[in-house]
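To keep things clear, I will list the structure first and then write my remarks on it.
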Ligand code: SF4
Ligand code: SF4
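Residue numbers (this note's numbering), protein chains in the order written: chain A, 655 to 896; chain B, 655 to 896.
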């Protein structure tokens, strides 16, 4: 039975981002990432700072913890990271959750294919724009998207690009042009991970959201896009575990 | 050729609510409503105050106006009201838009069935909770939902209930229990339609949103719900036509 490196299990809360924004969900945050984005808001999953908090947990233990926290008040779980697509045997957990009538969402940057991608209810692929200082491997991303389209998963997947500046916005246009069939989300980046005044942060993020909306409205390339804020950041600011 | 009573055509902007929140769209606001909700934010569509602004427009003219405003920067149109489900021949407009590759969304309170409901890309049915002072006709709503399920439209419809207080929340639970298969959205009501300070309004709406999230998290009945704010109100406050 596989064991997975887990850093946090929390909820119930709402999914703050993307294709199921606002959905009641539990979160499992796995440790480890093959990227090191300049503005990563979960750097503790890969920079060593929280390595003593990593627990190696089986699907069974993860589900016990979820149930202890969430009782009968959830039917949806989001696996986040780090990059949970590094985990080979995650289908064990997905299947155990499905057996209990629980849906499973997952977010990854799209640097690695896993055969279990096709089993997810909501898969968000979030390639990282230039401001992250990371390089997109387009061949890998092509393979992932092609596989999922072949498996008729278009209703269960989306692409999401986080935008910090004009260069990121051009990158987003490029991603959407390359994969026009895949539901496409633009999201405001939070470049202020230290602000502790939640109201100040919310107003700042809303003004950046308005900037992103206006850019999107002006782009004929992005007519089918959906532009969203991070709902949890608007409410809970930079707090972790909510 | 049918003519439709139109009060506003505007955009491109984003859809601020519900199943396609964040989607780039144009708006057509039709005049006339069979309800008179206590907190209606579009009372000018039915209370007589804007009756001199109503234009009777054909599909062709509506599309000309949309194109003049939106150019090549949209592929999605939202028909809102008032209650656009009062309009018998709206399928003419829907078909004309579809011919041009434009998707069509519509919102109605669910007081009236129209055979063209099955042609909409995104149909939001928003029955009104007790705080509106309106009475839901459950038989009519049953018929609408049954018809749409029979026509296999579950991917294209949603229910949305706007919440102002605890009584509304119980009503929402009742709606979701009655139609468990239909994607279900909860939305924060805006009870302050006169606030002109956008920042003040945004912070107030965010705190009401947090209240609604917490109630939803505690309700096992609403495990599958999605809870959303009105995005446009967070950004543009109570301004009309954005
Ligand atoms: S891919 Fe995600 S978890 Fe990894 S470094 Fe980038 S933002 Fe952080
Ligand atoms: S149904 Fe909608 S338009 Fe009609 S009165 Fe109620 S809120 Fe206003």
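All C-beta atoms in this analysis are idealised placements derived from N, C-alpha and C, irrespective of residue type, glycine included.
If you're wondering where the values come from, they're calculated on a predicted model, not measured in any experiment.
Item	Value
Same chain, Cβ closer than 6 angstroms to residue 900/A, five either side skipped, listed in chain order	Because chain A in this structure spans residues 655 to 896, residue 900/A falls outside the shown range and cannot be described.
Local Cβ density within 10 Å of residue 724/A, reported as buried at 16 or more and exposed below that	buried
Spatially closest choice to residue 733/B from 703/B, 686/B, 796/B and 872/B, by CA coordinates	686/B
Nearest-angstrom Cβ-Cβ length linking residue 830/A and residue 838/A, presumed shorter than 8 angstroms	5 angstroms
Among 721/B, 737/B, 739/B and 740/B, the one whose alpha carbon lies nearest that of residue 731/B	721/B
Reference residue 893/B, options 660/B, 658/B, 667/B and 656/B, closest by Cα	667/B
Cross-chain neighbours of residue 728/A in chain B, by beta carbon under 7 angstroms	877
Proximal residues, the region 846 to 877 of chain A versus chain B, C-beta separation under 8 angstroms	853, 856, 857, 860, 863, 864, 867, 870, 871, 872, 873, 874, 876 and 877
For residue 665/B, the first and last residue of its enclosing beta strand (DSSP E)	657 to 668
Same chain, Cβ closer than 8 angstroms to residue 859/A, neighbours up to 5 away in sequence not counted	842, 844, 883, 884, 887 and 888
Contact between the region 765 to 774 of chain A and the region 735 to 753 of chain A (3+ Cβ pairs under 8 angstroms)	yes
Secondary structure of residue 682/A, DSSP reduced to three states	strand
Check: residue 692/B C-beta below 7 angstroms from any heavy atom of ligand 1	no
Inter-residue spacing [alpha-carbon to alpha-carbon] between residue 757/B and residue 678/B	11 angstroms
Three-way DSSP call (helix, strand, coil) for residue 848/B in this model	coil
Distance CB(residue 699/B)-CB(residue 735/B) smaller than 8 angstroms	yes
Short-range partners of chain A found in the region 658 to 685 of chain B, where Cβ spacing is below 9 angstroms	665, 666, 667, 668, 669, 674, 675, 676, 677 and 678
Backbone CA spacing between residue 761/B and residue 792/B [nearest angstrom]	18 angstroms
Burial state of residue 702/B (16 or more Cβ within 10 Å)	exposed
Residue 874/A burial status per 10 Å Cβ neighbour count (16 or more: buried)	exposed
Contacting residues, own chain, Cβ-Cβ under 7 angstroms from residue 878/B (five flanking each side not counted)	838
Contacts of residue 717/B in chain A (Cβ-Cβ under 7 angstroms)	Per Cβ cutoff of 7 angstroms: no residues; residue 717/B is ~16 angstroms from chain A at best.
Rounded C-alpha distance that separates residue 872/A from residue 707/B	29 angstroms
Any non-hydrogen atom of ligand 2 closer than 7 angstroms to residue 825/B Cβ	no
Cβ of residue 747/B within 8 angstroms of any chain A Cβ	no
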